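Colleague: As they're listed, the protein sequences go chains A and B.
Just so it is clear: in the first sequence, position 66 is 66 by our numbering, and no numbers are missing.
Start counting at 1 in the second sequence, then tack on 1000, and there's your number in our numbering.
Built from N, CA and C at the ideal position, the CB exists for glycine as well.
From a predicted model like this one, the values you see are computed outputs, not experimental measurements.
A single structure is presented below for examination.
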Amino acid sequence: MSTLHNPRRAWLLVTRRELVSRITDRTFLVGTVLMVAMLVGFIGFTAWQDERTDRAVLGATPDAVEMARAITDAAPQVDDKLAVRMVELDDESAARAALEDDEVDAWLHPVDGGWVLTSESSEQDALTAAARVVVRQVVVAGNAASAGTTIETLEAGSAVTTDFLRGDAERAAVAEAVGFVFVFLFYLAALVFGMQLASSVIEEKQSRIVEIIAAAIPLRHLLAGKVLGNTALALLQLLVYLVVGLVGLSFTSYRSYVPELSGPAVWFLAFFLAGFIALACLWAVAGSLASRTEDLQATSTPLTMLMLVMFFGGVSLDGRGQVVASFVPPVSAVVMPKRILAGGVEWWEPLLALGLLAAFALATVWIGERLYRRALLQTGGRVSLRQAWSAAE
Amino acid sequence: MLEIRELTRRFGDHTAVDRVSFEVPDGLMTGFVGANGAGKTTTMRMVMGVLGIDGGEVLWHGRPITRLDRRAFGYMPEERGLYPKQPVLDQLVYLAQLKGMARAAARARVLELLERFGLADRARDHVEKLSLGNQQRAQIIASVLPTPAALVLDEPFSGLDPVAVDSMVDLLREHTREGVPVLFSSHQLDLVERVCDRLVVLARGRCVAAGTVTELRETGVPRFRLVVGGDAGWVRDQRGLAVLDLDGSTALVEVREPGAEQHVLAEATRRGDVHEFVRVRPALSEIYREATA
């Protein structure tokens, strides 16, 4: 018939159907929005925690007023997130009453050979730390004056500054945390989208709509369309999370890390793409081996095991093990981005790992296509891998 | 014309379809009957190319069928369904597009067919919200998209109410009038007898009978019923006949030697009154039972 198009574009039709039917699916939308809300909430909380100032009220009996005033004045220089206000108290009993009524957070008073800061419990860490520093400064300055010298003379040559060969601790901690987020996002996306892909394959098989489709287009177009559609969706969702995460981060005190994280994030997307295509093909095979949704548990077990290995490998491997794993597909999909984050990776290492992962993806596409094609049209019960591989078409 | 030649399919040691040959002529409805497990579905899946062929071939217009030929066929699988969570209109347009129709044309055609099957107001509903009968109607629409070159339908009438059966038959007739060959399987013999032009009977993977309904009823040993004025017991002594049933003045005989029925008639007229002498053609269900026994 002359009005009919060439079937070469069939995979595109399938891809579009996958995209449209998922994007209009409420579960998918609600899930994505919820995840973004959680992300924003978490970052917002961190930022708030970060920026907020501790306000403390320091009570002082007449003999301590002078010292308390010194603390109040000097506190912001000691701790930039601490603001101290002083309240004068008549005597000890008034001070104790004020503490119990929560009118003051701590009460400062002198004793023989020192000062005491009394509070209800040990929650006033910032105030205590500031009081220690200030009291010491004031007392030492007094002592130095009576000895005929100055603080500066006493402290000369005693400063220790720090210098690190391999980055600083905060940077390493940030790399570790973001690395965990990468591994987790990969795991989550591969599991959620993989399961969805497998169940949609079963849905088609169970409803026999796959027979109508098989009579119309080659099955590899159906597989390609499903894998591409789901990959595009997963990538899109991931992109949203990453952008929200990075933009959110720029509102916190970690904003200086954002430019540094953007490069690894792009690498992560590339590794995710190759790794996800490979896994998506395997998920489609797991679906095609099952005849009913109930079978999926069994046919997908090897795959869920693999995902767990990837997750724990990604989270826990370090040292030489991490270096080796960063080249072994599909684990390399999560381990290499983590290494890139930590730094100290030669320029060719990510390229080699990505090349190997892409080769692995091609192999799974080839093997997966054969298994999928043969298992998909077999009805009645579960199909074993061996049956699917050797079955006549 | 669709020709099935020596088609064979084995599942392990079991031969599900064993050298089955028959034809589905242009413009005719060919009914495909047989017990459960006789191999109807397996044969139809091989014709549609969704199941591999172990032996034999399928010819379309006299040459081996190709994937592109099949793409223009309308097919309705057994135990079917559609995507449960997609609107009816969307997925019918999708299926039509997979078969090569342009989007706009597919949409127009689907809307026209939905209208015709009384589903126009349900076009945006998810398939799972439709009643089983309406889901079946949507299936039928899926199978006649775009304009099929041939129709291969596995149990198209199962689950349909009589009104829906009629509109389905009308739709199929429309296609046969255009010269489209139609092959459909069914368990409802009365329906098959009423609707189809030709019949193929399958039993245990083999084709045991094929032809028009009249042809099939004419084949086999001729039988006659004789009703005479007196007692008909004398027919027992006639040569070249087997008496199947005898009840007073009525006898049912089977002709074993050609011409024996003429001698019986002559003898009956000689003996007295003949009230009835008629050829008995077996009902389709009888042919079916005998063929598949």
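Report back the beta-carbon spacing between residue 1211(B) and residue 1038(B) to the nearest angstrom; my notes put them in contact at under 8 angstroms.
Modeller: 18 angstroms between Cβ atoms; not a contact.
Colleague: On the criterion of 16 or more Cβ atoms from any shown chain inside 10 Å, does residue 177(A) qualify as buried, or is it exposed?
Modeller: The residue in question, residue 177(A), is exposed, as its Cβ has fewer than 16 Cβ neighbours within 10 Å.
Colleague: Counting pairs of beta carbons, one from the region 221 to 229 of chain A and one from the region 277 to 294 of chain A, are three or more of them closer than 8 angstroms?
Modeller: Taking 8 angstroms as the limit for Cβ pairs, the verdict is that the region 277 to 294 of chain A does touch the region 221 to 229 of chain A.
Colleague: List the endpoints of the continuous alpha helix (DSSP H) containing residue 1166(B).
Modeller: Per DSSP, residue 1166(B) belongs to the alpha helix (DSSP H) from 1162 to 1177.
Colleague: Name the chain A residues whose beta carbon is nearer than 8 angstroms to that of residue 1046(B)?
Modeller: None at all; the shortest Cβ gap to chain A is about 11 angstroms.
Colleague: Closer than 7 angstroms by beta-carbon distance: list the chain B residues that pair up with residue 10(A), in chain order.
Modeller: In chain order: 1098.
Colleague: Look up residue 88(A) in the DSSP assignment and say whether it is helix, strand or coil.
Modeller: Strand.
Colleague: For residue 287(A), count neighbouring C-beta atoms within 10 Å of its own C-beta (all shown protein chains included) and say buried if the count is 16 or more, exposed if not.
Modeller: It counts as buried.
Colleague: In terms of residue numbering, what span does the alpha helix (DSSP H) encompassing residue 472(A) cover?
Modeller: Nothing about residue 472(A) can be reported from this structure: the residues present for chain A run from 1 to 393 only.
Colleague: Determine the closest residue to residue 100(A) out of 204(A), 59(A), 237(A), 344(A), with distance taken between C-alpha atoms.
Modeller: Nearest of 204(A), 59(A), 237(A), 344(A) to residue 100(A), Cα basis: 59(A).
Colleague: Using beta carbons (cut-off 7 angstroms, strictly below), is residue 2(A) in contact with chain B?
Modeller: Confidence in residue 2(A) is poor, its pLDDT being 38 and thus under 50, which makes the residue's placement unreliable; the coordinate value appears in the next sentence. Chain B contact via Cβ: absent.
Colleague: Measure the C-alpha to C-alpha separation of residue 406(A) and residue 231(A) and round it to an integer number of angstroms.
Modeller: Lying before the first or after the last residue shown, residue 406(A) is absent from chain A, which here runs from 1 to 393.
Colleague: What first and last residue would you give for the beta strand (DSSP E) that runs through residue 1011(B)?
Modeller: Here the beta strand (DSSP E) through residue 1011(B) covers 1002 to 1011.
Colleague: Which ranges does the alpha helix (DSSP H) cover as unbroken runs of at least 4 residues, wholly within the region 185 to 217 of chain A, from first to last along the chain?
Modeller: Counting whole runs of 4 or more residues, the region 185 to 217 of chain A contains the alpha helix (DSSP H) stretches 209 to 216.
Colleague: Under 7 angstroms Cβ-Cβ, which residues of chain B neighbour residue 126(A)?
Modeller: Correct list: empty, because the minimum Cβ distance to chain B is about 56 angstroms.
Colleague: Give the secondary structure of residue 1067(B) by DSSP, where H, G and I count as helix, E and B as strand, and everything else as coil.
Modeller: Residue 1067(B): helix per DSSP, three-state reduction.
Colleague: Between the region 1149 to 1160 of chain B and the region 1169 to 1187 of chain B, do three or more beta carbon pairs fall short of 8 angstroms?
Modeller: Yes, since at least three Cβ pairs between the region 1149 to 1160 of chain B and the region 1169 to 1187 of chain B fall closer than 8 angstroms, the two stretches touch.
Colleague: Among 82(A), 243(A), 92(A), which has the Cα closest to the Cα of residue 62(A)?
Modeller: Among 82(A), 243(A), 92(A), the Cα nearest to that of residue 62(A) is on 92(A).
Colleague: Run through DSSP, which three-state label would residue 346(A) get?
Modeller: Residue state, collapsed to three classes: coil.
Colleague: Please check if any C-beta of chain B sits within less than 7 angstroms of the C-beta of residue 289(A).
Modeller: Answer no: the Cβ-Cβ gap between residue 289(A) and chain B never drops below 7 angstroms.
Colleague: Mind checking if residue 1039(B) is an interface residue toward chain D, Cβ cutoff 7 angstroms exclusive?
Modeller: The chain inventory of the structure shown lacks chain D, comprising the protein chains A and B.
Colleague: What's the gap between the Cα of residue 1280(B) and the Cα of residue 1220(B)?
Modeller: About 11 angstroms.
Colleague: I think residue 1231(B) touches residue 1259(B), with their Cβ atoms under 8 angstroms apart; what is that distance to the nearest whole Å?
Modeller: About 25 angstroms; that fails the 8 angstroms criterion.
Colleague: When the Cα atoms are used, what is the spatial distance from residue 115(A) to residue 66(A)?
Modeller: Roughly 13 angstroms between the two C-alpha positions.
Colleague: Would you mind sorting residue 305(A) into buried or exposed? The rule is 16 or more other CB atoms within 10 Å of its CB.
Modeller: Exposed, since its Cβ has fewer than 16 Cβ neighbours within 10 Å.
Colleague: Determine, using beta-carbon pairs with one atom in the region 1054 to 1064 of chain B and one in the region 1006 to 1015 of chain B, whether at least three such pairs fall under 8 angstroms.
Modeller: The answer is yes - the region 1006 to 1015 of chain B touches the region 1054 to 1064 of chain B, with three or more Cβ pairs under 8 angstroms.
Colleague: List, in chain order, every chain B residue whose beta-carbon is nearer than 9 angstroms to that of residue 284(A).
Modeller: None at all; the shortest Cβ gap to chain B is about 17 angstroms.
Colleague: Locate the alpha helix (DSSP H) running through residue 1250(B), then write down its first and last residues.
Modeller: Run containing residue 1250(B): none in the alpha helix (DSSP H); it sits in the beta strand (DSSP E), 1250 to 1255.
Colleague: Per DSSP, which residues does residue 1207(B) bridge with? Please list them.
Modeller: Partner(s): 1202(B).
Colleague: Against chain B, which members of the region 215 to 245 of chain A pass a CB distance test of less than 8 angstroms?
Modeller: Going along the region 215 to 245 of chain A in chain order, one finds 215, 216, 217, 218 with a Cβ nearer than 8 angstroms to chain B.
Colleague: Counting only C-beta atoms, is residue 1082(B) closer than 7 angstroms to chain A at any point?
Modeller: It does; some Cβ of chain A falls within 7 angstroms.
Colleague: Going by C-alpha to C-alpha distance, which of 1213(B), 1196(B), 1292(B), 1120(B) sits closest to residue 1284(B)?
Modeller: The shortest Cα separation from residue 1284(B) among 1213(B), 1196(B), 1292(B), 1120(B) belongs to 1213(B).
Colleague: Hey, how far is the Cα of residue 1190(B) from the Cα of residue 1286(B)?
Modeller: Roughly 12 angstroms between the two C-alpha positions.
Colleague: Measuring alpha carbon to alpha carbon, tell me which of 336(A), 216(A), 202(A) ends up nearest residue 295(A).
Modeller: Nearest of 336(A), 216(A), 202(A) to residue 295(A), Cα basis: 202(A).
Colleague: Only counting the same chain, and skipping five residues up and downstream in sequence, which positions put a Cβ closer than 7 angstroms to that of residue 1193(B)?
Modeller: Within the same chain, residue 1193(B) has close Cβ partners 1213, 1284.
Colleague: Taking the CB atoms as reference points, tell me whether residue 32(A) and residue 237(A) lie closer together than 7 angstroms.
Modeller: Cβ distance < 7 angstroms, so residue 32(A) and residue 237(A) count as in contact.
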